[in-house]
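A.B. asks:
2 protein chains.
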Amino acid sequence: MSKASEKAYRELRERLLRGEFNPGDRLVEDELATLCGVSRTPIREALQKLANDMFVQQIPNRGTYVMEISETDQEDLFELRAVLEGVAAARAAKNADEETLALLDKQVARIDEALSDSDGYQLDTFLDANRRIHSLIIDMAGSARLRVFLQNLTEQPVLIGTLQRYSMANLKRSNEHHREIVEALRAGDSSWAQSVMVSHIHAALHSFNREK
Amino acid sequence: MSKASEKAYRELRERLLRGEFNPGDRLVEDELATLCGVSRTPIREALQKLANDMFVQQIPNRGTYVMEISETDQEDLFELRAVLEGVAAARAAKNADEETLALLDKQVARIDEALSDSDGYQLDTFLDANRRIHSLIIDMAGSARLRVFLQNLTEQPVLIGTLQRYSMANLKRSNEHHREIVEALRAGDSSWAQSVMVSHIHAALHSFNREK
DNA sequence: GAGAATGCTATTGTATACAGAATGGCGCGT
DNA sequence: ACGCGCCATTCTGTATACAATAGCATTCTC
Numbered sequence: 001m002s003k004a005s006e007k008a009y010r011e012l013r014e015r016l017l018r019g020e021f022n023p024g025d026r027l028v029e030d031e032l033a034t035l036c037g038v039s040r041t042p043i044r045e046a047l048q049k050l051a052n053d054m055f056v057q058q059i060p061n062r063g064t065y066v067m068e069i070s071e072t073d074q075e076d077l078f079e080l081r082a083v084l085e086g087v088a089a090a091r092a093a094k095n096a097d098e099e100t101l102a103l104l105d106k107q108v109a110r111i112d113e114a115l116s117d118s119d120g121y122q123l124d125t126f127l128d129a130n131r132r133i134h135s136l137i138i139d140m141a142g143s144a145r146l147r148v149f150l151q152n153l154t155e156q157p158v159l160i161g162t163l164q165r166y167s168m169a170n171l172k173r174s175n176e177h178h179r180e181i182v183e184a185l186r187a188g189d190s191s192w193a194q195s196v197m198v199s200h201i202h203a204a205l206h207s208f209n210r211e212k
Numbered sequence: 213m214s215k216a217s218e219k220a221y222r223e224l225r226e227r228l229l230r231g232e233f234n235p236g237d238r239l240v241e242d243e244l245a246t247l248c249g250v251s252r253t254p255i256r257e258a259l260q261k262l263a264n265d266m267f268v269q270q271i272p273n274r275g276t277y278v279m280e281i282s283e284t285d286q287e288d289l290f291e292l293r294a295v296l297e298g299v300a301a302a303r304a305a306k307n308a309d310e311e312t313l314a315l316l317d318k319q320v321a322r323i324d325e326a327l328s329d330s331d332g333y334q335l336d337t338f339l340d341a342n343r344r345i346h347s348l349i350i351d352m353a354g355s356a357r358l359r360v361f362l363q364n365l366t367e368q369p370v371l372i373g374t375l376q377r378y379s380m381a382n383l384k385r386s387n388e389h390h391r392e393i394v395e396a397l398r399a400g401d402s403s404w405a406q407s408v409m410v411s412h413i414h415a416a417l418h419s420f421n422r423e424k
């Protein structure tokens, strides 16, 4: 996927995440084309990709519609993510190398620092470091397929924004989980790593539900 | 995805599964277009879909290549499938309704019949019933995402043909697993259903490795 | 006045033409 | 003779033109 398609994809994805389109809205290719400043061809490619990500739904000969997400869908998402990230953590424990572990330590420390920063904790730093941590672990698991699946899961509209509602206490606990996971990985204990990771994701769901 | 795109997708997918293209081969859009009797546009859509299915790999400005599958990839596939189908079975146990359970019984019986048929067991019947069983269970789990993921997993080139190598004994054991899973589902016992399902998939991997 | 059928319009699906990027070969220079 | 660079060819990426389909409204008939 090259320049124009990529641009259209990013643009539309961004707008979908921002909620600029409402669930159920029809997306007309021509309008999107002018909106993104490209022709319909790359728009169609972008829409196909978005359909794969389950951001939109394509109905043959009838158009593309913004996906409507149900109540249960969100729990689905978390459950699947918990299971798969659990598997990733377990596998990562077997493949752990000190180099990557050091990188993980660094990200955990970054979050510590951001959270202890008294003039308002820096959420962006947390989000970035958090993303990197999970990404590194998934990479350590060494399965391309797992990576693809989890990427799909973590980039869902329902989830974006979720993290932003965490309270300070939850963020701190979240990072304690990270620390424990890294410890488990370093110990090469896959059950430990897996179970902490599963807890970690479930805790996130719980926090979210309580605070929304 | 409509007529021509669909046709191209099916055609190419079929050929890929048949092994008509070798891993690493470059797929030139024009050639595929004449091969499928459509223009490049639907071919490009089909290729994008195939790339999502991880049948091919697209490199920007350089073309599309038939995916090369590594040794570990196959075990990955089975492991992920085991985990996800396990989750599906567990969830299905909670949602089980007698109507669907009856359909499952029917498919199990179909396989029994096919396997006891003395003039050569009918593999096609087994494959079809097997597919339906797994499909019904996934549907009972009631998660669209899970369905999509598992569909991707079960339709990989590595897996197609796997089932066809099973020995009679393995097929019989496989159906015993099916029977037990249905029993667990009927009992509403999600742990039981999950663990049998996981065993079921792992047994399949093992059979395959031994007989290849 | 109600229902069905037909034509109109808007939008998707497909083909083709054109532009730009990448690779391979050829020639030129050293 | 060997290496570097340029040109040509080939293929991908994008735009646009054309075809087909679905939904809607209008009209005609009963």
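From first to last, the protein sequence lines stand for chains A and B.
Using my numbering, read the first sequence as starting at 1 and increasing by one per residue.
Using my numbering, read the second sequence as starting at 213 and increasing by one per residue.
Just so it is clear, CB atoms sit at the ideal spot from N, CA and C, and this is done for glycine as well.
#1: Considering Cα atoms alone, identify which of Asp124(A), Gln74(A), Leu115(A), Ile137(A) is closest to glutamate 99(A).
#2: Would a check of beta-carbon distances place aspartate 76(A) closer than 7 Å to chain B?
#3: Can you tell me which of the three DSSP states arginine 385(B) falls into?
#4: Under the rule that 16 or more other beta-carbon atoms within 10 Å means buried, what is lysine 49(A), buried or exposed?
#5: Let me make sure I understand the geometry here. Which of Ala33(A), Ser191(A), Leu150(A), Asp124(A) has the alpha-carbon closest to that of serine 135(A)?
#6: Count the other CB atoms within 10 Å of the CB of histidine 418(B); is the residue buried (16 or more) or exposed (fewer)?
#7: Where does the unbroken beta strand (DSSP E) through tyrosine 277(B) begin, and where does it stop?
#8: If I'm right that lysine 214(A) touches serine 190(A) with Cβ under 8 Å, what's the distance once you round it to whole angstroms?
#9: Against glutamine 260(B), what residues of chain A qualify as contacts under a CB-to-CB distance less than 9 Å, listed in chain order?
#10: Got a sec? Which residues, its chain only, sit under 8 Å from histidine 414(B) by beta carbon, not counting five neighbours each side?
#11: Going by DSSP, name the residue or residues bridged to leucine 27(A).
#12: Using a Cβ-Cβ cut-off of less than 9 Å, give me the residues of the stretch 405-420 of chain B that come near chain A, in sequence order.
#13: Output the distance between the C-alpha atoms of glutamate 257(B) and arginine 222(B), rounded to the nearest integer angstrom.
#14: Between the stretch 63-75 of chain A and the stretch 23-31 of chain A, are three or more C-beta pairs nearer than 8 Å?
#15: What residue range does the beta strand (DSSP E) around glutamine 48(A) cover?
#16: So, under 8 Å CB-CB, alanine 193(A) and alanine 90(A) are touching, yes? Tell me the CB distance rounded to an integer number of Å.
#17: By how many angstroms is the C-alpha of isoleucine 43(A) removed from the C-alpha of alanine 33(A)?
#18: Check whether the Cβ atoms of alanine 92(A) and methionine 140(A) lie closer than 7 Å to each other.
#19: Any residues in the stretch 126-159 of chain A with a beta carbon nearer than 7 Å to a beta carbon of chain B? Which ones, in chain order?
#20: Determine the DSSP secondary structure at isoleucine 201(A), reduced to helix, strand or coil.
#21: Whole angstroms is fine: what's the gap from cysteine 36(A)'s alpha carbon to lysine 3(A)'s?
#22: Check the Cβ of asparagine 61(A) against every Cβ in chain B and list those closer than 8 Å, keeping chain order.
#23: Any C-beta of chain B sitting closer than 7 Å to the C-beta of valine 83(A)?
#24: With DSSP as the reference, identify every bridge partner of isoleucine 133(A), one or two as the case may be.
#25: Classify isoleucine 271(B) as helix, strand or coil using the three-state DSSP reduction.
#26: What number of angstroms, rounded off, separates the C-alpha of leucine 115(A) from the C-alpha of glutamate 183(A)?
#27: Within the same chain, show all residues whose beta-carbon is closer than 7 Å to that of glutamate 6(A), passing over the 5 residues directly before and after it, in chain order.
#28: Is asparagine 307(B) helix, strand or coil by DSSP?
#29: How would you label glutamate 71(A), buried or exposed, when you count the other beta carbons within 10 angstroms and need 16 or more for buried?
#30: Do you know how far the Cα of aspartate 329(B) is from the Cα of glutamine 74(A)?
#31: When DSSP labels each residue in this structure, what does asparagine 22(A) get in the three-state scheme?
#32: Which chain B residues sit within Cβ distance under 8 Å of leucine 103(A)?
#33: Contact defined as beta carbons within less than 8 Å: I believe arginine 186(A) pairs with alanine 96(A). What is the distance between those atoms, to the nearest angstrom?
#34: Under 8 Å Cβ to Cβ from aspartate 242(B), same chain only, skipping five residues before and after it: list those, please.
#35: So what does DSSP say about glutamate 71(A), is it helix, strand or coil?
#36: Please confirm if valine 87(A) has its CB atom under 7 Å from at least one CB of chain B.
C.D. replies: Let's see:
#1: Ile137(A)
#2: yes
#3: helix
#4: buried
#5: Leu150(A)
#6: exposed
#7: 275-278
#8: The displayed coordinates of chain A run from 1 to 212. Any statement about residue 214(A) would go beyond what the structure contains.
#9: Met1, Glu45, Gln48, Lys49, Asn52
#10: Phe290, Ala294
#11: Thr64(A)
#12: none
#13: 12 Å
#14: yes
#15: Note, glutamine 48(A): premise wrong, no beta strand (DSSP E); alpha helix (DSSP H) at 40-52.
#16: 6 Å
#17: 6 Å
#18: yes
#19: Ser143, Arg145, Leu146, Phe149
#20: helix
#21: 12 Å
#22: Ser214
#23: yes
#24: Beta-bridge pairing links isoleucine 133(A) to no other residue.
#25: strand
#26: 20 Å
#27: none
#28: helix
#29: exposed
#30: 47 Å
#31: coil
#32: Those do not exist, as leucine 103(A) stays about 23 Å from chain B at its closest Cβ, beyond 8 Å.
#33: 6 Å
#34: Arg252
#35: helix
#36: yes
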